[in-house]
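Colleague:
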Amino acid sequence: MPKGDALGGFEQLVLLALAHLGDNAYGVTIRQEIAARTGRDVNIGAVYATLDRLETKGLTRSRTGEPTALRGGRSKRYFELTAEGARALEESVRALESMTRGLNWGELG
Amino acid sequence: MTKLLFAVFLPNAPAHLLGDLEEEAAANGPLWLLRHTLTAAYHQTQLLETAAATAFLLALPLTLALELRRYALTLIYFRESAHFTPASLTILTLLAATLAALQVRALPNPRLAIIAATISSATIAHITNAPQILTAATLLGGSLATLQRKRINP
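Protein sequences appear in the order of chains A and B.
Count along the first sequence from 1, then add 61; that gives the number in this note's numbering.
Count along the second sequence from 1, then add 1357; that gives the number in this note's numbering.
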């Protein structure tokens, strides 16, 4: 990933959700995965805005899935990490781990 | 209800987003759907449409109430009593702008959309007796703003 194009906090969460979900990563499951793990009420519009940005950066790719009656006959759009996306995520998480190592959370604030 | 919400607030949103909203709304209910549709519209940067659609939904019942009041006044006193308040003019302006924006957004041919928006705005002006210049300015502003947005974010 080019210098100065670091992952934002929410981008990191979305990429981590993709990593957890594997083949079943589409809007609903991504939103629910983030909500369940972080306790944040995430909006689907925010998820898609981020996914579109990540796809433009080449960090994810998507394919159209099958339409279902529950969705009013509309198709799902499945997302997955690209090799570059996986690499960027690993770098970002390692940097975060490195920055948090040795911190005593009880003493902060 | 769902179709109306999507048509008003997310007229150009991709099908997979609408499908996701509909899928989750089945478990979470109509209030969840309304909240997430509004925020999705914001994130889809359909700001003009969101503002216009909100104004439209608020303006319609208010306009009807004001019109009924105005009509009642014409029956009771004399026709000159039926003048517009600043509030009713604002509401009519928003209504005309909303219709113009939605029509330009919805119809594929810009020329056809402008014609439709002109007819609807003229109809509003005729029915409500609103100042023509105000309606024309609103129509022009709404159409140009939406065409510009459509160009930036097709």
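Beta carbons are placed, not taken as given, at the ideal position from N, Cα and C, and that holds for glycine.
1. Run the CB neighbour count on A:Ile-105, radius 10 Å, all protein chains shown included, and call it buried at 16 or more, exposed below.
2. Closest to A:Leu-74 by CA distance: which of A:Gly-126, A:Thr-143 and A:Ile-91 is it?
3. Measure from the alpha carbon of B:Met-1358 to the alpha carbon of each residue in B:Gln-1401, B:Ile-1476, B:Thr-1394 and B:Ala-1372, then state which is nearest.
4. Is A:Glu-152 closer than 9 Å to A:Leu-120 when the C-beta atoms are compared?
5. I'd like the list of long-range same chain contacts for A:Leu-142, defined as Cβ closer than 8 Å, with 5 residues on each side in sequence excluded.
6. I want to see whether chain A comes within less than 9 Å of B:Arg-1436, judged by CB atoms only; does it?
7. Could you check the C-alpha separation between A:Arg-155 and B:Ala-1364 for me, to the nearest Å?
8. Determine the chain A residues that contact B:Gly-1376 at a beta-carbon separation under 7 Å, and present them in chain order.
9. Helix, strand or coil for B:Pro-1511, going by three-state DSSP, please let me know.
10. Tell me the rounded alpha-carbon separation between B:Phe-1366 and B:Ala-1382.
11. Count the other C-beta atoms from every protein chain shown that fall within 10 angstroms of the C-beta of A:Ala-96, then say buried if there are 16 or more, exposed otherwise.
12. How would you list, in chain order, the residues of chain B whose beta-carbon sits under 7 Å from the beta-carbon of A:Ala-110?
13. Consult DSSP for A:Leu-142 and reduce its assignment to one of helix, strand or coil.
14. State yes or no: is the C-beta of B:Leu-1388 within less than 9 Å of the C-beta of B:Leu-1362?
15. What in chain A is Cβ-close to B:Thr-1396, meaning under 7 Å?
16. Once the 5 residues before and after A:Glu-158 are set aside, which same chain residues still bring their CB inside 6 Å of it?
17. Taking a contact to mean a Cβ-Cβ separation below 9 Å, would you say A:Arg-138 touches B:His-1373 in this structure?
18. Hey, quick one: how far does the alpha helix (DSSP H) through B:Arg-1392 stretch, first residue to last?
19. Apply the 10 Å Cβ neighbour rule to B:Ala-1397 and answer buried if 16 or more other Cβ atoms are within range, or exposed otherwise.
20. May I ask you to report which of helix, strand or coil DSSP gives A:Arg-162?
21. Have a look at A:Leu-68 and A:Asn-85 and give me their C-alpha separation to the nearest angstrom.
22. Which residue wins for smallest C-alpha separation from A:Gly-126, given the options A:Arg-98, A:Tyr-87 and A:Thr-99?
23. Determine the direct distance from the alpha carbon of B:His-1400 to that of B:Asn-1369, and round the result to whole angstroms.
24. Any Cβ of chain B within less than 9 Å of the Cβ of A:Gly-69?
25. Step through the CB atoms of chain A and report whether any lies within less than 9 Å of the CB of B:Pro-1387.
26. Using a C-beta cutoff of 9 Å, does A:Arg-92 count as contacting chain B?
27. Please compile the residues from chain A whose C-beta is within a distance smaller than 7 Å of the C-beta of B:Ala-1383.
Modeller: Looking at the coordinates:
1. Answer is buried; the Cβ neighbour count reaches 16.
2. The candidate whose alpha carbon is nearest that of A:Leu-74 is A:Ile-91.
3. For the options B:Gln-1401, B:Ile-1476, B:Thr-1394 and B:Ala-1372, the alpha carbon positioned closest to that of B:Met-1358 is the one of B:Thr-1394.
4. No, Cβ-Cβ distance for A:Leu-120 and A:Glu-152 is not below 9 Å.
5. The beta carbon of A:Leu-142 sits closer than 8 Å to the beta carbons of Leu-76, Leu-79, Ala-80, Leu-120, Thr-121 and Leu-150 from its chain, once the five residues preceding and following it are set aside; these are given in chain order.
6. Legend: pLDDT at B:Arg-1436 = 46, less than 50; position of this residue unreliable, no value from coordinates given.
7. For the pair A:Arg-155 and B:Ala-1364, the Cα-to-Cα distance works out to about 44 Å.
8. B:Gly-1376 reaches chain A at Arg-132, Gly-133, Arg-135, Ser-136 and Lys-137, counting residues in chain order whose Cβ is nearer than 7 Å.
9. At B:Pro-1511 the pLDDT is 43, less than 50, meaning the model places this residue with poor confidence and gives no usable figure here.
10. If you take the alpha carbons of B:Phe-1366 and B:Ala-1382, they lie about 16 Å apart.
11. That one is exposed.
12. Scanning chain B for C-beta atoms nearer than 7 Å to the C-beta of A:Ala-110 yields His-1400, reported in chain order.
13. Here A:Leu-142 carries a strand assignment [DSSP, helix/strand/coil].
14. The Cβ atoms of B:Leu-1388 and B:Leu-1362 lie no closer than 9 Å to each other.
15. Chain order gives the chain A residues near B:Thr-1396 as Asn-104 and Gly-106, where near means a beta carbon separation below 7 Å.
16. Cβ neighbours of A:Glu-158 beyond the five flanking positions: none.
17. Closer than 9 Å, so yes.
18. According to the DSSP assignment, B:Arg-1392 belongs to the alpha helix (DSSP H) that extends over 1387-1400.
19. It counts as buried.
20. In this structure, A:Arg-162 counts as coil in the three-state DSSP scheme.
21. Looking at the two C-alpha atoms, the distance is approximately 23 Å.
22. Closest by alpha carbon: A:Tyr-87.
23. Answer to the nearest angstrom: the Cα atoms are 13 Å apart.
24. It does not: the Cβ of A:Gly-69 has no partner Cβ on chain B nearer than 9 Å.
25. At least 9 Å separates the CB of B:Pro-1387 from every CB of chain A.
26. Taking CB atoms only, A:Arg-92 has a neighbour in chain B less than 9 Å away.
27. Under a criterion of Cβ atoms nearer than 7 Å, the residues of chain A adjacent to B:Ala-1383 are, in order, Leu-131.
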